[in-house]
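Residue numbers (my numbering), protein chains in the order written: chain A, 252 to 671; chain W, 1121 to 1426.
Written out as structure tokens, the structure reads:
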């Protein structure tokens, strides 16, 4: 059984992201004859002599009309070694929010640069967003290497400059790889190029197939947001009361001491149940049903956590917000915070700082946060919740900010002082 | 007692990860909505959807009814299967018959006889009448380019319409299901599955499927390059020659626009082998409704279809 890697693309407009994604699909034989026929037909209609692989991924009418990617699209491809879910995100500055969306679930991001332009502001910005969201692995695809004559020195300068920037964002050398590619021709995407004999690393696809996927360090503390209480009240299960959810972090075994937050009630895991039978152990990402030793009052929105390593229970959080809405954030606003399975009312307190995308530095005490801004904010909550620092436990450190009036998602929230 | 080896956690097993994700989505909807419903046609994706719903709430019953928008152009084997599954699991099935809408003049039969595009009105009317606020569908993003842009929780306005530019960002596994009265959310737990995942999971879980997914002898005639079966949708026409072939179906929809493929794949394993070797997509070869224009799926979704 192959494993699953979730990845996202990032990079500025016109550096060939859609073409690279089209190339990955094409080279892994994930494009079938009728899809290629449709793209060839559309390319001929546009007066092109070769199929435009970017048409494989730009699926909306308005995208094809404008020749740009507007919205995140999800693509699927597989090799015998691994299955991939790829979030293809637009590169336009005004769509930075889509980079946030794609990066929130990514275990790896492929950042594209044009070999002729090298590392530009947009590259630094995207890398900063990826670092903020804790994407563990970065690949720098130095694209259009054919247009610089497959020049080693050009590649080395770009790779070094990026490695330095990534290091300043907290990436260790081992978690960043630079690959010289031509998405258009196919150099070093799936096939090793004979035009870059000076490059000894893996092709992009080889790297994607073999990079270790470690979504959850084994020493993470157990976290389980309660989604739903399962009470059949049937003849076969008259007294069954199970707490259903997906494990957010850590592992759980029968006998483990747990605490239910925010109430603070202690109990013990009696069994880990599934429709396929009970489990001896379950880890992060698994959907299970917990049976507890004591008959306690637990409902949707509660958080079950390891008794010896508890999250912080608080009604005031300092967090980084990635502002995703055209409606600006102002202190004093009433919003909803969705954290795990609990949604609570909240009041926006102080706006401490705003990350300036142009200078990549921090501006103190801004008046507002606008679309695509990243800022540090204090939120006062109507009820206590159990939170972790995003850097320690992303799933219990992440939350949504929602507009109570129309239900729109306003911001991606990351608990803690973490700031790019 | 069945035990899970510690190493076999979700991250290391593609199908287990997809299953856990789908179960999580079902439970989120059960926790946050008042009146969800599962769209169920008896086809492979909706049958898989139901299988996952049963696992999500076990040992309690599935807390949602099923809704079938019946075009009247059905394969008998699929309707029999549908009714058997409903009976077996003690579920409640709501059927919206396109024929009823045609009979009382709310819809008009199309010149080409296709009824798939006619499903939108009965679907939206039935959602409104029953006040369903979340509607599960078996749509997968790998099916079509417009679907690749679809969120897992897809907000539709009071007219059931999809507006791709106004989609909410979907972050982590935090799904935002808030909606105003009259609005609905379409929910796609199989979003991240591919056709190959679906068949591999069917094999792993031994999920029963309607027999027409497996090779059988059938009388068919050719129209627009597709092998269609005889049925109430009209055909064969006098100039269309009927032949008996060994065929199976890759998708099951309205009989007027769903074609059979020549195949000898009679078991799940043979179907998996055939699907992985195929150079044609599931819908490209056998679904006439997707061929109507470059953006046929996007246009129908904007109207309120899935």
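We put the CB at the ideal spot given by N, CA and C, even for glycine. Only a predicted model underlies this, so the values are computations on that prediction, with no experimental measurement involved.
query = Can you tell me whether residue 1279 of chain W is buried or exposed, with buried defined as 16 or more other CB within 10 angstroms of its CB?
reply = Position 159 of the second chain, counted from the first residue, corresponds to residue 1279 of chain W. Only exposed fits residue 1279 of chain W, as fewer than 16 other CB atoms lie within 10 angstroms of its CB.
task = Give me the Cα-Cα distance between residue 1193 of chain W and residue 1352 of chain W, rounded to the nearest whole angstrom.
result = Walking along the second chain from the start, residue 1193 of chain W turns up at place 73. Walking along the second chain from the start, residue 1352 of chain W turns up at place 232. Going by the C-alpha atoms only, they are around 6 Å apart.
query = residue 255 of chain A touches chain W at which residues, Cβ-Cβ below 7 Å?
reply = For the purposes of this step, residue 255 of chain A is identified with residue 4 of the first chain, where counting begins at 1. Under the 7 Å cutoff, chain W gives 1134 and 1137.
Assigned secondary structure, residue 1367 of chain W (DSSP; H/G/I helix, E/B strand, else coil) = Position 247 of the second chain, counting from 1, holds the residue named residue 1367 of chain W. In the structure shown, residue 1367 of chain W adopts extended strand secondary structure according to DSSP, grouped into three states.
query = Since residue 568 of chain A sits in a beta bridge, which residues does DSSP pair it with?
reply = In the first chain, the residue the question calls residue 568 of chain A occupies position 317. For residue 568 of chain A, which the question treats as bridged, DSSP gives the partners A/630.
query = With 16 other CB atoms within 10 Å as the buried threshold, where does residue 1361 of chain W fall?
reply = Translated into the one-based positions of the second chain, residue 1361 of chain W becomes position 241. Residue 1361 of chain W comes out exposed.
ask   = Can you list, in chain order, the residues of the stretch 1147–1158 of chain W whose Cβ is nearer than 7 Å to any Cβ on chain A?
value = Among the residues of the stretch 1147–1158 of chain W, those with a Cβ less than 7 Å away from any Cβ of chain A are 1147, 1148, 1150 and 1151, in the order of the chain.
key: As assigned by DSSP and simplified to three states, the class of residue 1256 of chain W   = Here the question's residue 1256 of chain W lines up with position 136 in the second chain. Three-state DSSP puts residue 1256 of chain W in a strand.
task = State the Cα-Cα distance for the pair residue 1080 of chain W and residue 1168 of chain W, rounded to the nearest angstrom.
result = Residue 1080 of chain W falls outside the range modelled here, since chain W spans only 1121 to 1426, and no answer is possible.
ask   = With burial defined as no fewer than 16 other Cβ atoms inside 10 Å of the residue's Cβ, what is the status of residue 1393 of chain W: buried or exposed?
value = Here residue 1393 of chain W refers to the residue found at position 273 of the second chain. With fewer than 16 other Cβ atoms within 10 Å, it is exposed.
inquiry  = Please report whether the beta-carbon of residue 471 of chain A lies at a distance below 9 Å from any beta-carbon of chain W.
reply    = By one-based count along the first chain, residue 471 of chain A stands at place 220. Not closer than 9 Å to any Cβ of chain W, the Cβ of residue 471 of chain A fails to qualify, so no.
Pick from A/553, A/539 and A/599 that is closest to residue 631 of chain A, judged by C-alpha positions = One-based indexing of the first chain puts residue 631 of chain A at position 380. Minimum Cα distance to residue 631 of chain A is reached at A/599.
inquiry  = In chain order, what are the residue ranges of uninterrupted alpha helix (DSSP H) at least 4 long that sit wholly in the stretch 427–494 of chain A?
reply    = Taken in chain order, the complete alpha helix (DSSP H) segments of 4 or more residues contained in the stretch 427–494 of chain A are 455–461.
task = Pull up the CB-CB distance for residue 567 of chain A and residue 582 of chain A, whole angstroms please, since I reckon it's below 8 Å.
result = Counted from its first residue, the first chain places residue 567 of chain A at position 316. Counted from its first residue, the first chain places residue 582 of chain A at position 331. Residue 567 of chain A to residue 582 of chain A, Cβ: 14 Å. No contact.
message = Cβ closer than 8 Å: which chain A residues qualify as neighbours of residue 1293 of chain W?
response = Indexing the second chain from 1 puts residue 1293 of chain W at position 173. Per Cβ cutoff of 8 Å: 356, 497 and 646.
query = Got a sec: is the Cβ-Cβ distance from residue 1279 of chain W to anything in chain A below 9 Å?
reply = For the purposes of this step, residue 1279 of chain W is taken as residue 159 along the second chain, with counting starting at 1. Taking Cβ atoms only, chain A never reaches closer than 9 Å to residue 1279 of chain W, which makes this a no.
query = Does residue 1296 of chain W come within less than 9 Å of chain A when only Cβ atoms are used?
reply = On the second chain, residue 1296 of chain W is found 176 positions in, with the first residue counted as 1. Interface criterion met: the Cβ of residue 1296 of chain W is under 9 Å from a Cβ in chain A.
task = Note down, in chain order, every chain W residue with its Cβ under 8 Å from the Cβ of residue 589 of chain A.
result = Numbered from 1 along the first chain, position 338 holds the residue referred to as residue 589 of chain A. Result: 1294 and 1296.
key: Counterpart residues of residue 1377 of chain W in DSSP-defined beta bridges   = In the second chain, residue 1377 of chain W corresponds to position 257, counting from 1. Checking the DSSP bridge columns, you'll see residue 1377 of chain W has no partner listed.
query = By DSSP, does residue 319 of chain A sit in helix, in strand, or in coil?
reply = Along the first chain, one-based indexing puts residue 319 of chain A at 68. Its pLDDT being 47, under 50, residue 319 of chain A is placed unreliably by the model, and nothing is read from it.
key: Contact list for the stretch 1168–1201 of chain W against chain A, Cβ threshold 8 Å   = Those would be 1174, 1175, 1176, 1177, 1178, 1179, 1180 and 1181, in chain order.
query = Which one of W/1142, W/1172 and W/1201 has the shortest CA to CA distance from residue 1163 of chain W?
reply = Within the second chain, residue 1163 of chain W is the residue found at index 43, counting from 1. When only C-alpha atoms are compared, the closest one is W/1201.
query = Closer than 9 Å, CB to CB, is residue 651 of chain A near chain W or not?
reply = Within the first chain, the letter at position 400 stands for residue 651 of chain A. Yes, because at least one Cβ of chain W sits closer than 9 Å to the Cβ of residue 651 of chain A.
request  = Reducing DSSP to helix, strand and coil, say where residue 1266 of chain W ends up.
outcome  = The sequence position of residue 1266 of chain W within the second chain is 146, counting from 1. Note: residue 1266 of chain W maps to coil in three-state DSSP.
request  = Mind listing the chain W neighbours of residue 481 of chain A? Cutoff is C-beta to C-beta under 7 Å, in chain order.
outcome  = Residue numbering aside, residue 481 of chain A sits at position 230 when the first chain is read from its first letter. Neighbours of residue 481 of chain A on chain W, chain order: 1177 and 1180.
request  = Identify every residue that forms a DSSP beta bridge with residue 606 of chain A.
outcome  = As a first step, residue 606 of chain A must be located in the first chain, where it is residue number 355. Answer by DSSP bridge pairing, in chain order: A/613 and A/625.
ask   = Roughly how many whole angstroms lie between the Cα atoms of residue 319 of chain A and residue 338 of chain A?
value = In the first chain, the residue the question calls residue 319 of chain A occupies position 68. In the first chain, the residue the question calls residue 338 of chain A occupies position 87. In this prediction, residue 319 of chain A scores a pLDDT of 47, lower than 50, which makes its location untrustworthy; the coordinate-derived value is nonetheless stated afterwards. In this structure, the CA atom of residue 319 of chain A is about 16 Å from the CA atom of residue 338 of chain A.
query = Per DSSP, what kind of secondary structure is residue 1164 of chain W in: helix, strand or coil?
reply = Position 44 of the second chain, counted from the first residue, corresponds to residue 1164 of chain W. In this structure, residue 1164 of chain W counts as helix in the three-state DSSP scheme.
Residue 1394 of chain W: contacting residues in chain A (beta-carbon distance under 8 Å) = Along the second chain, one-based indexing puts residue 1394 of chain W at 274. None at all; the shortest Cβ gap to chain A is about 13 Å.
query = Is it true that the stretch 1225–1237 of chain W meets the stretch 1257–1267 of chain W, where meeting means three or more beta-carbon pairs spaced less than 8 Å apart?
reply = Touching, no, given that fewer than three Cβ pairs across the two stretches are closer than 8 Å.
query = Tell me, which residues are paired with residue 666 of chain A by DSSP?
reply = In the first chain, residue 666 of chain A corresponds to position 415, counting from 1. Paired residue(s): A/570.
query = Which residue from W/1363, W/1373 and W/1293 puts its Cα closest to that of residue 1147 of chain W?
reply = As a first step, residue 1147 of chain W is located in the second chain; it is residue number 27 there, counting from the start. Distances from the alpha-carbon of residue 1147 of chain W to those of W/1363, W/1373 and W/1293 put W/1293 closest.
request  = Can you grab the Cα-Cα spacing for the pair residue 484 of chain A / residue 1291 of chain W, in whole Å?
outcome  = Against the first chain, residue 484 of chain A aligns to sequence position 233. Against the second chain, residue 1291 of chain W aligns to sequence position 171. The straight-line gap from Cα to Cα measures roughly 35 Å.
query = Where does residue 355 of chain A fall in DSSP's three states?
reply = Your numbering for residue 355 of chain A matches position 104 in the first chain. It is helical.
First through last residue of the beta strand (DSSP E) which encompasses residue 589 of chain A = In the first chain, counting from the first residue as 1, residue 589 of chain A sits at position 338. Looking at the DSSP string, the run of the beta strand (DSSP E) that includes residue 589 of chain A is 585–590.
Within chain W, the residues that residue 324 of chain A reaches when beta carbons sit closer than 7 Å = Residue numbering aside, residue 324 of chain A sits at position 73 when the first chain is read from its first letter. Residue 324 of chain A reaches chain W at 1268 and 1269, counting residues in chain order whose Cβ is nearer than 7 Å.
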